[in-house]
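Visitor: Here it is, the structure, as structure tokens.
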Amino acid sequence: MQLIVTSPPYNIGKEYEKHLALPEYIFQQQMVIRECVRALSATGSICWQVGNYVDNGEIVPLDIALYPIFQELNVRLRNRIVWHFEHGLHCSKRFSGRYETILWFTKTDQYVFNLDPVRVPQKYPGKKYFKGEKAGQYSCNPLGKNPGDLWQIPNVKCNHVEKTEHPCQFPVELIERLVLAMTHEGDWVFDPFLGAGTSIVAAVRHDRKGAGAEINGDYIAIASKRIDSALDGTLKTRPMARPIYNPKEAGTSLTTAPWNIPSVSYADLDCPHEQLVLFERTTQYAQKEGK
Ligand SMILES: C[S@@+](CC[C@H](N)C(=O)[O-])C[C@H]1O[C@@H](n2cnc3c(N)ncnc32)[C@H](O)[C@@H]1O
7 MQLIVTSPPY NIGKEYEKHL ALPEYIFQQQ MVIRECVRAL SATGSICWQV GNYVDNGEIV
67 PLDIALYPIF QELNVRLRNR IVWHFEHGLH CSKRFSGRYE TILWFTKTDQ YVFNLDPVRV
127 PQKYPGKKYF KGEKAGQYSC NPLGKNPGDL WQIPNVKCNH VEKTEHPCQF PVELIERLVL
187 AMTHEGDWVF DPFLGAGTSI VAAVRHDRKG AGAEINGDYI AIASKRIDSA LDGTLKTRPM
247 ARPIYNPKEA GTSLTTAPWN IPSVSYADLD CPHEQLVLFE RTTQYAQKEG K
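Now the structure itself:
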């Protein structure tokens, strides 16, 4: 296998897992990780994507808990990627969790890493050298910049185009970036906890081969269907290069709190009828709430 990428159960009582004592969970993970490292090619990568195990309000970051297993197997940590997303549970007794991590290890120092296919747009593409031999020439790489190790990618919640019945899918674009950077065309990608099949979808979309393991028959059915659609080019996914949705820029009226609308005389307003109706409703609401 050239790339083994997965998001294992987090032992937090999701419908697909049995809640285990932490040492037992870690032991089970160790068994799987050991086999994955054995099956990895010499130039290959292993990416373990995890969040927190929560016990009675106390969190255990699973990357910290699992890191010693990888260390013992002599794989080398290349990045601890922070995946930041906007949506999730709202906590009342701690700050709401809005990131998870991906531990990226390689089996050896001779590993595949293709940066060009995963570059992202430069912040200042027009910037030039201002002194020295190259003065006046553009200073940045026109192919884009290194995406860094903090990735802001929307997680798959109910109105995401990729949402299936599976409760916690990877966004395809998250795995596409790993596939493009860590494999070549024709290479194998394996996911030992396949869920809705996202890792294989990301692999076949880029002419790689995919394989996986999953214990739940319903998820296998979802995965097969998605893989077939990915192969025939009909699967809808969020494109890799799409910027994060900005509701203010999109002009969504919901970004204005009704209680913050200043009181203005209607005669001063030069608005279409629909906007006046909306304004009237929010003003009435604010008055009713005593704002
Ligand atoms: C966090 S989800 C993975 C979701 C996946 N990344 C996706 O994009 O859909 C973990 C998956 O592991 C599966 N699973 C749990 N125990 C397993 C086992 N012993 N062998 C294989 N799969 C297992 C669960 O059914 C669940 O679908």
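Going by our numbering, the sequence shown runs without a break in its numbering and finishes at 297. Cβ atoms here follow ideal geometry from the backbone N, Cα and C, with glycine treated the same way. Since the structure is predicted, the reported quantities are computational estimates derived from the model, not experimental observations.
(1) Please report the straight-line C-alpha distance between LYS113 and PRO253, rounded to a whole angstrom.
(2) Between ASP69 and the rest of its own chain, which residues show a CB-CB distance below 6 Å, the 5 nearest in sequence each way excluded?
(3) Does the distance from the C-beta atom of VAL207 to that of VAL162 stay below 9 Å?
(4) Below 8 Å, how does it come out for the segment 11-30 and the segment 196-214: are there three or more Cβ pairs, yes or no?
(5) Per DSSP, which residues does HIS90 bridge with? Please list them.
(6) First and last residue of the alpha helix (DSSP H) that includes GLY223?
(7) What I want to know is whether the C-beta of LYS231 ends up closer than 8 Å to one or more non-hydrogen atoms of ligand 1.
(8) Quick one: any contact between the segment 206-221 and the segment 185-192, if contact means 3 or more CB pairs under 8 Å?
(9) Mapping DSSP to helix, strand and coil, what is PRO67?
(10) Quick one: what's got a C-beta closer than 7 Å to ILE159's C-beta in the same chain, skipping five residues either side?
(11) Take LEU184 as the anchor and find which of ILE65, ASP122 and SER259 has the nearest alpha-carbon.
(12) Can you determine whether any heavy atom of ligand 1 sits closer than 8 Å to the C-beta of PHE176, and answer yes or no?
(13) Hey, is LEU9 close to ligand 1, as in C-beta under 8 Å from one of its heavy atoms?
(14) State yes or no: is the C-beta of HIS172 nearer than 8 Å to some heavy atom of ligand 1?
(15) Let me know the secondary structure DSSP gives SER51 once reduced to three states.
(16) Mind checking ILE39: buried by the 16 CB within 10 Å criterion, or exposed?
(17) Can the beta-carbon of PRO131 be found closer than 9 Å to that of TYR144?
(18) So within the segment 146-197, which uninterrupted beta strand (DSSP E) runs reach at least 3 residues, ignoring any that extend past its ends?
(19) At a cut-off of 8 Å, would you count GLU179 as near ligand 1, judging by its Cβ distance to the nearest heavy atom?
(20) Along the chain, where does the alpha helix (DSSP H) that runs through THR12 open and close?
(21) Count the other CB atoms within 10 Å of the CB of VAL167; is the residue buried (16 or more) or exposed (fewer)?
(22) At a threshold of 8 Å, does ASP197 count as lining ligand 3 (C-beta to nearest heavy atom)?
(23) Count the CB pairs spanning the segment 59-68 and the segment 28-47 that are closer than 8 Å, and state whether there are at least three.
Guide: This is what the structure holds:
(1) 43 Å
(2) VAL56, THR107 and LEU109
(3) no
(4) yes
(5) TYR105 and GLN158
(6) 223-237
(7) no
(8) yes
(9) strand
(10) TRP89, PHE91, PRO177, GLU179 and LEU180
(11) ASP122
(12) yes
(13) no
(14) yes
(15) strand
(16) buried
(17) yes
(18) 156-158 and 194-197
(19) no
(20) Counting along the chain, THR12 falls outside any alpha helix (DSSP H), though it belongs to the beta strand (DSSP E) covering 9-12.
(21) exposed
(22) Ligands present in the displayed structure are limited to ligand 1, and ligand 3 is not among them.
(23) yes
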